[in-house]
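Numbering (my numbering), first residue to last: 12 to 161.
Positions of the beta carbon are idealized from the N, C-alpha and C atoms, including for glycine.
Source: prediction; values computed, not measured.
Structure (structure tokens):
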């Protein structure tokens with residue numbers, strides 16, 4: 012089923028939201044490739060093969076290293092990520108797995124130490140939008156491997 016053709020107005024709205032969120036984040040504090048890591052990690056957690064394929068292709072194209080992308084699911088056990096990236100990845104995981112867990116004050120404070128109010132809001136909006144896309148792509152079995160950058 013092609014969910015884009017089933018509800019073009021609804022999907023256009025989500026595409027527009029994603030573009031605005033990504034642009035604001037990239038123009039702000041997240042313009043250093045962090046979004047690619049976040050989108051990929053959230054997609055890994057959700058098990059969205061289409062989105063993992065898409066975001067790793069985009070991240071590599073933007074200059075992200077193979078080593079970091081391969082190690083992303085084990086970021087806590089590697090030396091490849093900065094403290095700021097680690098804070099963002101922990102925040103992304105907590106917000107993706109939020110049901111029944113919430114966000115504790117220690118995680119908020121640790122993440123806030125690396126991001127301004129706007130930066131943390133941009134990061135959280137980016138996490139929310141990729142979670143929405145993951146759910147759509149998984150629900151409608153988007154074809155992994157079919158994404159072509161530009």
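Nearest C-alpha to residue 101 among 78, 125, 81, 111: 125. If only complete runs of 4 or more residues are kept, the region 53-85 shows the alpha helix (DSSP H) at 60-72, 77-82, in order along the chain. For residue 89, there is no enclosing alpha helix (DSSP H), as DSSP gives it neither H nor E. The C-alpha of residue 14 is placed about 13 angstroms away from the C-alpha of residue 145.
Taking all protein chains shown into account, residue 103 has 16 or more neighbouring C-beta atoms within 10 Å of its C-beta and is therefore buried. Contact check between the region 78-87 and the region 127-147: fewer than three CB pairs, one atom from each, fall below 8 angstroms, which does not count as touching. Collapsing the DSSP output to three states places residue 160 in coil. Following the DSSP letters along the chain, one finds residue 95 inside the alpha helix (DSSP H) bounded by residues 94-107. With three or more CB-CB distances shorter than 8 angstroms, the region 54-71 counts as touching the region 141-161. Distances from the CA of residue 161 to each of 44, 127, 52, 69 were compared; the closest alpha carbon is that of 69.
Buried is the label assigned to residue 52, since at least 16 other Cβ atoms lie within 10 Å of its Cβ.
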